[in-house]
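For the sequence shown, the tail end lands on 536 under my numbering, and the numbers increase by one without skipping.
Backbone N, C-alpha and C define an ideal beta-carbon position, used for all residues, glycine too.
The block underneath contains the structure these notes are about, expressed in structure tokens.
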Amino acid sequence: MEEQGSVLVRVYTSRAQIPVPDASVTLTRPTQDGRSDLIALRVTDESGLIQPISIPAPAAARSTHPGPEHPYATCDIQVEHPDFQMLRVENVQIFSGVETLQDAELIPLPEHPDPADMTSTVAVTPQPL
């Protein structure tokens, strides 16, 4: 039985964690055929946050027994703002009944950016549960 987990994204810049308002945050879920389904598209507020997004997740009881399937759902998060490099976080893990906080630290673009330097990708490795 599927239950719900949620994701909250916090977008900031620099080690001082300065909030980035008006950043576009896209959540997608990979499909079996290699494509992606759109879960949500949000814009950060003045605190660099989006409202939590509910995502179907496997029942928490699945995490208590070893097995071939992961006891969590995954999604990919892409964060964009015109003044910063795009950030993509892959395989964010969503557990039933848990609010996942995903930090997204954006890197400012130089004055004349090289298009090859405009995207950062972070891949989250699966947890052996």
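Any idea if ILE425 is buried or exposed, counting beta-carbon neighbours within 10 angstroms, 16 or more meaning buried?
exposed
Let me confirm a value: VAL450 is counted as buried when at least 16 other C-beta atoms fall within 10 Å, else exposed. Which label applies?
exposed
Any chance the stretch 502-517 sits against the stretch 435-450, with 3 or more Cβ pairs inside 8 Å?
no
Go ahead and label GLU411 buried or exposed: buried means 16 or more other beta carbons lie within 10 angstroms of its beta carbon, across all protein chains shown.
The question names Glu, but residue 411 in the sequence shown is Gln. By the neighbour-count rule (16 or more Cβ atoms within 10 Å), GLN411 is not buried but exposed.
With LEU415 and ILE457 assumed to form a contact (beta carbons below 8 Å), what rounded beta-carbon distance in angstroms separates them?
Sure, about 7 Å apart at Cβ, within 8 Å.
Output the distance between the C-alpha atoms of PRO515 and ILE462, rounded to the nearest integer angstrom.
30 Å
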